[in-house]
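**Q** Note that the protein sequences, when read in sequence, are chains C and E. For the first sequence, the positions run 1 to 113 when my numbering is used. For the second sequence, the positions run 114 to 226 when my numbering is used.
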Amino acid sequence: GAGVSQTPSNKVTEKGKYVELRCDPISGHTALYWYRQSLGQGPEFLIYFQGTGAADDSGLPNDRFFAVRPEGSVSTLKIQRTERGDSAVYLCASSLSGNNEQFFGPGTRLTVL
Amino acid sequence: KQEVTQIPAALSVPEGENLVLNCSFTDSAIYNLQWFRQDPGKGLTSLLLIQSSQREQTSGRLNASLDKSSGRSTLYIAASQPGDSATYLCAVRQVDYGQNFVFGPGTRLSVLP
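#1: Under 8 Å by Cβ, that's how I've got serine 220/E and glutamine 119/E pegged, so tell me the actual separation to the nearest angstrom.
#2: With 7 Å as the threshold, decide whether the Cβ of proline 218/E is near any Cβ in chain C.
#3: Could you tell me the boundaries of the beta strand (DSSP E) in which leucine 160/E lies?
#4: Who are the neighbours of glycine 42/C on chain E, taking C-beta pairs under 7 Å?
#5: Check aspartate 86/C in the structure and name its three-state DSSP category.
#6: Confirm, please, whether the CB-CB distance from serine 165/E to lysine 155/E is below 7 Å.
#7: Between the alpha carbons of proline 8/C and alanine 88/C, how many angstroms are there, rounded?
#8: Pull up the distance between the alpha-carbon of cysteine 136/E and that of alanine 204/E, whole angstroms please.
#9: Measure the C-alpha to C-alpha separation of alanine 93/C and aspartate 197/E and round it to an integer number of angstroms.
#10: Among the candidates Gly28/C, Glu83/C and Ser75/C, whose CA atom is the shortest distance from the CA of arginine 22/C?
#11: For alanine 67/C, tell me which candidate among Tyr48/C, Glu83/C, Thr82/C and Arg81/C has the shortest Cα-Cα distance.
#12: Which residues of chain C have a Cβ atom closer than 8 Å to the Cβ of asparagine 213/E, listed in chain order?
#13: So with CB distances below 8 Å, who are the chain C contacts of glutamine 147/E?
#14: Should glutamine 151/E be labelled buried (16 or more other beta-carbon atoms within 10 Å of its own) or exposed?
#15: How would you label serine 95/C, buried or exposed, when you count the other beta carbons within 10 angstroms and need 16 or more for buried?
#16: Is isoleucine 143/E near the ligand FAD, going by C-beta to nearest heavy atom under 6 Å?
#17: Have a look at Leu113/C, Leu46/C and Phe104/C and flag the residue whose alpha-carbon is nearest the alpha-carbon of histidine 29/C.
#18: Please state whether DSSP places aspartate 57/C in a helix, a strand or coil.
#19: Note down, in chain order, every chain E residue with its Cβ under 8 Å from the Cβ of leucine 91/C.
#20: Using beta carbons (cut-off 7 Å, strictly below), is leucine 132/E in contact with chain C?
#21: From arginine 36/C to tyrosine 90/C, what distance separates their C-alpha atoms?
#22: Which residue from Gly184/E, Pro226/E, Tyr189/E and Thr200/E puts its Cα closest to that of glutamine 170/E?
#23: Going by C-alpha to C-alpha distance, which of Glu101/C, Thr111/C and Ala2/C sits closest to glutamate 83/C?
#24: Which same chain residues end up closer than 7 Å to serine 183/E when comparing Cβ atoms and leaving out the 5 residues on each side of it in sequence?
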């Protein structure tokens, strides 16, 4: 596709449930990033993939959060035992390589009730 | 730890004015700095990317400058239009902490017709 796409656009879940958020990067982009944005704040880095491997996962808040990119393209962010504090917009970005311009998707708004 | 601040937090100007948005960062060891705009409920749109070796970048009515040694960047918008109304975010890609981006909180701009 022409840009980064994310699905679903909105996700409402109950506390304690498991959720998966999907990101389709721009074709050919080797670098992929996940961010989390709370209302009124800038995005907060979660994890960065270069190809299939997580080059930097220092932003993941705890072990309930996990992300994969098995074939170096689509990535899935997985959140176990969701908590109300996980409610935010989850943004995905991709770039041609690690130091290039990042292009963002529209985000997934996660609401944990 | 890198910290990014943006001043002002919000700005309201009449149409046609030239304006400057400010971004400051505490650690000058950066690869690059990127300016984004974010419309309400939307993802981020990349505006300008400045590599650490560059002093400025221009695109249309936008000009971004970078003074790495003093930890500052400015985004200059000429002849502002109501369509420029959005939140403007700057982000720095760091050298020492992997490949992640640290974002500022943003400046919310309103251009009044």
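Glycine included, every Cβ here is placed at the ideal spot set by N, Cα and C.
**A** Reading off the structure:
#1: The sequence as given places threonine at residue 220/E; serine does not occur at that position. With a Cβ gap of about 5 Å, threonine 220/E and glutamine 119/E count as contacting.
#2: Any Cβ of chain C closer than 7 Å to the Cβ of proline 218/E would place that residue at the interface, and such an atom is present.
#3: Its beta strand (DSSP E) spans residues 157-164.
#4: Leu202, Phe216, Gly217, Pro218 and Gly219
#5: Aspartate 86/C carries a helical assignment under DSSP once its states are collapsed to helix, strand and coil.
#6: no
#7: 13 Å
#8: The C-alpha of cysteine 136/E lies about 9 Å from the C-alpha of alanine 204/E.
#9: 23 Å
#10: Ser75/C
#11: Tyr48/C
#12: Tyr33, Phe45, Tyr48, Asp56, Ser58 and Gly59
#13: Glu101 and Gln102
#14: buried
#15: buried
#16: Only the bare structure without any ligand can be found here, which leaves the ligand FAD out of the picture.
#17: With distances taken between Cα atoms, histidine 29/C lies closest to Phe104/C.
#18: coil
#19: Under a criterion of Cβ atoms nearer than 8 Å, the residues of chain E adjacent to leucine 91/C are, in order, Gly156 and Leu157.
#20: Not a single CB atom of chain C sits nearer than 7 Å to the CB of leucine 132/E.
#21: Cα to Cα, arginine 36/C sits roughly 5 Å from tyrosine 90/C.
#22: Tyr189/E
#23: Thr111/C
#24: none
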